[in-house]
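There are 4 protein chains.
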Amino acid sequence: MSTDESQSERSWTHESNQLLRFGRHPELELQLAEYDLESSIAHVKMLGETKILDRETTKAMLDGLAQIKRELLEGKAYLKAEHVDIHSALEARLAELIGDLSLNLRIAKSSNDQIATDVRLWLRERVLDIFAELLELRLELTKLAERDLEIVMPGYTHMQPAMPILLSHWWLANETRFRRDFSRLTDFYRRFNVLPLGAGALAGTSQPIDRTLVAQYLNFDDVIENSLYAVSDRDFMVEFGSVASLVGLHISQIGADLLLWATQEFRFVRLRKAFVFRSQSMPQKSNPVVLEILRSRPSVIFGRLVELVAALKAVPMGYCHDLQDSLPALMDVVDTLKFSLELTRAVLQSVDVNAERMKEIAVSDLTNAAAAVDYLVNGGMPPDQASKIVEQLVNYCTQRHKSLADLELNEWQQFCPAFDTDIYQHVTMEESVGARSSFGGTSLEQVMAGIVRAKEMLELDQSNLPMLAKERIKIRQLQNI
Amino acid sequence: MSTDESQSERSWTHESNQLLRFGRHPELELQLAEYDLESSIAHVKMLGETKILDRETTKAMLDGLAQIKRELLEGKAYLKAEHVDIHSALEARLAELIGDLSLNLRIAKSSNDQIATDVRLWLRERVLDIFAELLELRLELTKLAERDLEIVMPGYTHMQPAMPILLSHWWLANETRFRRDFSRLTDFYRRFNVLPLGAGALAGTSQPIDRTLVAQYLNFDDVIENSLYAVSDRDFMVEFGSVASLVGLHISQIGADLLLWATQEFRFVRLRKAFVFRSQSMPQKSNPVVLEILRSRPSVIFGRLVELVAALKAVPMGYCHDLQDSLPALMDVVDTLKFSLELTRAVLQSVDVNAERMKEIAVSDLTNAAAAVDYLVNGGMPPDQASKIVEQLVNYCTQRHKSLADLELNEWQQFCPAFDTDIYQHVTMEESVGARSSFGGTSLEQVMAGIVRAKEMLELDQSNLPMLAKERIKIRQLQNI
Amino acid sequence: MSTDESQSERSWTHESNQLLRFGRHPELELQLAEYDLESSIAHVKMLGETKILDRETTKAMLDGLAQIKRELLEGKAYLKAEHVDIHSALEARLAELIGDLSLNLRIAKSSNDQIATDVRLWLRERVLDIFAELLELRLELTKLAERDLEIVMPGYTHMQPAMPILLSHWWLANETRFRRDFSRLTDFYRRFNVLPLGAGALAGTSQPIDRTLVAQYLNFDDVIENSLYAVSDRDFMVEFGSVASLVGLHISQIGADLLLWATQEFRFVRLRKAFVFRSQSMPQKSNPVVLEILRSRPSVIFGRLVELVAALKAVPMGYCHDLQDSLPALMDVVDTLKFSLELTRAVLQSVDVNAERMKEIAVSDLTNAAAAVDYLVNGGMPPDQASKIVEQLVNYCTQRHKSLADLELNEWQQFCPAFDTDIYQHVTMEESVGARSSFGGTSLEQVMAGIVRAKEMLELDQSNLPMLAKERIKIRQLQNI
Amino acid sequence: MSTDESQSERSWTHESNQLLRFGRHPELELQLAEYDLESSIAHVKMLGETKILDRETTKAMLDGLAQIKRELLEGKAYLKAEHVDIHSALEARLAELIGDLSLNLRIAKSSNDQIATDVRLWLRERVLDIFAELLELRLELTKLAERDLEIVMPGYTHMQPAMPILLSHWWLANETRFRRDFSRLTDFYRRFNVLPLGAGALAGTSQPIDRTLVAQYLNFDDVIENSLYAVSDRDFMVEFGSVASLVGLHISQIGADLLLWATQEFRFVRLRKAFVFRSQSMPQKSNPVVLEILRSRPSVIFGRLVELVAALKAVPMGYCHDLQDSLPALMDVVDTLKFSLELTRAVLQSVDVNAERMKEIAVSDLTNAAAAVDYLVNGGMPPDQASKIVEQLVNYCTQRHKSLADLELNEWQQFCPAFDTDIYQHVTMEESVGARSSFGGTSLEQVMAGIVRAKEMLELDQSNLPMLAKERIKIRQLQNI
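Protein chains in written order, with the working numbering: chain A, 624 to 1104; chain B, 624 to 1104; chain C, 624 to 1104; chain D, 624 to 1104.
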């Protein structure tokens, strides 16, 4: 190789380092540090337990790692530009502390199974919080359902008022969405909380390691068997992104509904001051920016899911860098999901409902016409015929600016003699709501039963939580005090 | 309204019908016909059972529906341009057969809960097949793993040969992917196989219906409680699209690997004639088009998933047409998934492996250098130092066009006196493979154990299948005979 | 090869054909037939002109192709299961007609440059229509702007009424969106309308062909030079999908706005009967389903764009089947775009505006408070201070259920002595609108000027249309008569 | 309101601030600071020029803004948690410096048109660099094409060697891709570089502003007319994301090709040391991680494009926060694109080509069989027949491990008497390449002509660059010295 070429190689080196620095996200990689340390400690303990390392070496290494743990807690970062990844940084610091003994950290381990383990530990920590936040949001929605049992609102189809329903019924419908998201997250977690470490670079190792032991130390429920699969798998990112996308959809939907309800034209809800942005140039306005954030922010999750899928498309089996290149996407999904869940709960607590206005619309739009149809059908008339009669009644009312309840009996009977005085019990809005008492319907008794079941499910889900999630919830509760 | 305006209304009517015809997909809607009929029959049976309809009416209606069922089986389509949806078409035909009695079909039911039920029944039918196809693919991969226990291939990381592994190990890694997809599909199915019918337009009904009975008739595992949620929910489309996307990713990945292996440069595999496309202008070529299809076709699923998510973003709670507008996307996901799974299995059966070429690359690239490193580490040397020594050895070999196994003992010892005659047992490829006997590693015993477990899981999954899926598999088996 | 194996090969053949049939979309491929024929004719004419084929052969071939053209026009399809693509089908039919002479069709051409040409011709035909439809939609919006110059509506930010504006201003804002889409389509077309034919399989040909001549015959503006690029390029699909996505976004946005305006709570617009769907069970309802279609349907385009991008990610240079596998996605984008554009225009023609209700909201929400702020600022007060004063005024009004115009002068002056009798000229809604006369503002004069410019741009764009698009528009106009 | 409630309001305030802090990205918003300042200065200058502000006020404000500019250059950040956006932060600092005079900054301007302007200025600055980087990459590819005119490589279709081509031909095909991306960016820029400022909140302003003057100060090519459109438009984000996605596709494709070529099985290229990652545990390996980054990183852009589209779907006309919520996505697209372009160029400079190996494959795979077909066709035989004859020849060679050039004349003539001694001139690889001399083909003369045209286009594009881009390139060149 000529001198010229080797010079230019040096300049490439320089340039490439710069480029790599730009291409990497050190602040994100740093978040892996504590998990890299945690899994390294578990690995060394296992190497000691299985006599692959002797007692003294093991002790020296664990002491060194404990020292780094203290440093990390004190806020010392140990990732530098020259480290190819966070684990190299850990190795370098360990070498400073205990010298060549540190090299034993590489026994029966490669950077491929190491990084796969670190990412899982990082994600698991956040998923535990998301379990808690979903439960809290469900609890909040259940409480709102309990609070608003007396508020009647128009139920909509095609954005047109259809039938009066209880506002509690609407809260419960939203609760059901997040309840099922919780179920998805639980299924995800069961598949996800398994250990890749011990897979080596891709083929396993010739050392007599005990992978089950490491799994126990790190609270994994099982070991990923096939070593090639273990280092190649990033499906959990896509699966988590999918679960997060559904939660995100539900948040965008509840945000959009509340945004609609907060318009001056609907006036169903009003955000309390803390969540309202005043306009500088237009003093009469208060802008529900937080609701717009609920509507739009989940798009981050949708896009990142696409990135994860696109990045994994057609990549070869066996470790490749593409698998790791999506770390920022995963982290963005997690951060956006946590933020959106917290904001949703805070916003829900801060929405004032205008019960009168809801009732006004529920009545004025003749939504109980459906009850009149039911009256005729229950009396034996075919639905189609009943529907046509009531359509004429509705037109009659509309032209005279009356509601059905205002009509005289003879007016009713002009359209159909089958109407009798008991019709007045049906076309009140309360009756229209109360009558819908089929299982899961909007009648008070059904909604109250729905609330009871929602609470039972909440308790059941809480008691069936993964052990780590239960512990996390206890810690969260302590911190809130 | 002036005559002019009403004329123009008539022309709009005309135009809008045309537009709607373009906007709809009658051939897709028609696929719902049998499910619409099936759920209508169940609904009427329940109305009879609960005495909401009298016995005679019930019988007349069931007879009429039975007649339509026969017609459908004979291939008569009953969807016309004037019908707003497939259920209107069914109603119209029923009215032709039994007159006004047909109107009772609308009792305690709306088009909102009806269409939600139809779509679920349609999808369920296909999911049952996908269960079967995933099982068959897993079985195929397990058989291939059993077949190829003696074939050694280079294991790759970063698309560079890393260590020799058994080809069976690679088959099992792929089987693991689909095994976990199967687990995802099972979880999906559990959440999915629940009945919306009985939710009415959105609020339930005042009729004393028995939703559980309908669920039993239609083989749903449960009833969706909250009526508002029941008509609004299309999350199952997104969830199914997500599961399908992961299966699609795995198919694109296996396709890409085989495409690489089928290049003239790799020459690891060859497709049998039936799957090869000859080039007209270039007689020496045979084009592995089917592998390119495996690589690219799943993109349909990825894109359709995005469509489903985008369509549901920020839509209001309560039924809206947006929910139904994604039917073609759902159907495309299903068709693409089924096609891709079938093609994958057929292709795998038709791949001839070039074991010699695989072995040649596994050896020639000195991939067992890692075994030499292990030799030194097992002898007590720190991995880093061992690695440096072997790197020098590798350079030495490369310059002399030798493999490690060709070296004399004194050549070994030039680089490190710790090498002894037993090194020759380690640097053969067979030894390199065999040594990796940690749990899930590539050694013969581990791979054989992996095959046993794969089969056990397959049997377990088969015995835990939903009842309907078991029945479907029996029917498929009968049809294959 | 053993008999067994060759038998199983036969069964694979059978199976693979079936699979391929499922995997292909014959009804879509058939759409390419006329373009395949068109480009074949152009190719043969060039081969004759350049003496590569003698006169007699050329004539025989052109006669045969003319015969097939007649057959196609008569509706005879010539794609069968055994044909690998539409061009093979054409070749087979030509062979039936003129025997071995048909083989000359392969001279200086491969299926790679052939299919690339066919797809471009197919797409170009549709793009010509989309030019026309965008122009028609822009014209419609301009007409609506001219019609509604006297209607005042509330302008919204954050979905809250901000300031009164002219409805015409809103129509023009929408027109501007589609005007810019038109500009994007024009840029796309310029890059797109270039000829790949003559690139051969990937390397060009040794025949002395004249590619410019073929381009002229087929009305391409230029030839794609680099032969490798020519057969590999499908970027035009992605670029078209991107342009279509923006049009789709604009349609979803206008649909969502109208859907909001059609609610009972806004009551700004009403769809005429032809576009309304009646609800069976709820006689008082009329459902704006077409607006929901405008809102949701463009999601098809967004998803298909993702499919196109995902399919092309990381594919190798040189023709591969992945390029062709996205044909259904391209066709779906085109169909959805055309349908959505037509529906949008039809819907806009059928929207009745409730000018009174718009004005009511524009006034009642004190949106002209901003005009009061302007009054003070124009009088020399800093905006912030003016804003605070008017905020107090607004609160005062709100508590008393008054509008600003109702206040006595002394009430004004309680808050700020700078208010004088001329304030009443400013806080009328008309004044508030009229005052915003900066360039592009909502004052009548500015909006009228905007309409003039919109029309000028429309004419300019029409006169600068590609020649083929002008011809297409003439044909469309003749057909409408 | 009870004390309790107002207390809880206070705690919400606290909580909401925290939440907003999480939800915002201060480090990204800070990037807008200099553009916010720049547009504010332009706005004030115009207010002075049009006498809306008197001379003294104007001067005081410009002095204050100049002071802040100096502070910014010194690295002082002025965004704090209490500021709702970057412009509020600027206002606050200006108030500290010049007191109430600062409030004049709000005259004839709102935060809606302000932020729209800031984002455009931010993006424009980066687009100018991307122009330069695309030009540099094209120049690099042109140089490589010039360098490698003597290297023959196998051209591939379906990843199978098809015909020998010049490596320069391949470089040029890649150059063509980026050349067209440049053309797309130019079209984008023309539509994009227009000024929203002066649109006010959405309706324009009553102040006699001169928008054209501001456009001149800020180097915009035009003013966005319609004020409602001006504040609502974020289409430029989607359009830029689409252009970036195509560049990203091309980078992923070139990365994937090089990754394939860098395999041990292809051995076509080798990365120089600076770009290679050594494996710790496997000393024989060098991992082309940078190529994997080229393949995978553009997925960020694809996903972010989806986010942008999803966020804008169905949002109402008029400013809403959703428009601003996508700022991080836009910034990520830009950063990823710039990084990927720089890395691509650096990598291309560091790839060593193995010309011998390329030639070996180009020959050994009998890719010049196509030349033998051409020989027969040029002699008058129908292509199909010629193809069949050569197919038999190829089988004959394959069985004997010969290449076509090795055959004796009588062996040729066994298959077809039309072969004569001049066949040897055609079946050399050089001849096979050289013969493809149709326009844009792979013959040396055509490729050399292609290079000339590529350079001409490069110069033309450079001379037609937007003025600001030319200035930027000069600055870049000075900085490199």
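Note that beta-carbon positions come from the ideal geometry of N, C-alpha and C, so glycine has one too. Remember, it's a predicted structure, so these values are computed and weren't measured experimentally.
One question on the structure: do residue i and residue j come within less than 8 Å of each other, judged by their Cβ atoms?
{"i": "M1071(A)", "j": "A985(A)", "result": "no"}
{"i": "H792(A)", "j": "L851(B)", "result": "yes"}
{"i": "N727(C)", "j": "M669(C)", "result": "no"}
{"i": "L751(D)", "j": "R1095(D)", "result": "yes"}
{"i": "H666(C)", "j": "I916(B)", "result": "no"}
{"i": "D771(B)", "j": "W794(B)", "result": "yes"}
{"i": "E763(B)", "j": "L1081(B)", "result": "no"}
{"i": "L820(B)", "j": "S711(B)", "result": "no"}
{"i": "L724(C)", "j": "M786(D)", "result": "no"}
Give the secondary structure of residue i by DSSP, where H, G and I count as helix, E and B as strand, and everything else as coil.
{"i": "S725(A)", "result": "helix"}
{"i": "G1063(C)", "result": "coil"}
{"i": "K682(C)", "result": "helix"}
{"i": "A1120(C)", "result": "Past the edges of chain C, shown from 624 to 1104, lies residue 1120(C), and the structure says nothing about it."}
{"i": "C1020(B)", "result": "helix"}
{"i": "P1005(C)", "result": "coil"}
Name the DSSP beta bridge partners of residue i, please?
{"i": "L789(C)", "result": "V775(C)"}
{"i": "F900(D)", "result": "N910(D)"}
{"i": "Q783(C)", "result": "T780(C)"}
{"i": "V846(C)", "result": "L818(C)"}
{"i": "D958(D)", "result": "Paired residue(s): none; D958(D) is not in a bridge."}
{"i": "D975(A)", "result": "R893(A)"}
Taking all protein chains shown into account, do 16 or more other C-beta atoms lie within 10 angstroms of the C-beta of residue i, making it buried, or fewer, making it exposed?
{"i": "S1086(B)", "result": "exposed"}
{"i": "M981(D)", "result": "buried"}
{"i": "I1098(B)", "result": "exposed"}
{"i": "G941(C)", "result": "buried"}
Counting contacts by CB-CB distance shorter than 8 Å, is residue i in contact with chain E?
{"i": "F889(B)", "result": "This model lacks chain E altogether; the protein chains it does include are A, B, C and D."}
Members of the segment 927-943 of chain A near chain D, C-beta cut-off 7 Å
For the segment 927-943 of chain A, the set of positions with a beta-carbon nearer than 7 Å to some beta-carbon of chain D reads R927, V929, E930, A933, A934 and C943 in chain order.
Within 9 Å of chain C by C-beta, residues of the segment 907-918 of chain A in sequence order
Q907, K908, S909, N910, P911, V912, L914 and E915
Output, in sequence order along the chain, the residues in the segment 690-710 of chain D whose CB is closer than 9 Å to any CB in chain A.
Answer set for the segment 690-710 of chain D: V707.
Short of 9 Å Cβ to Cβ, which residues in the segment 772-805 of chain C face chain A?
P777, Y779, T780, H781, M782, Q783, P784, A785 and M786
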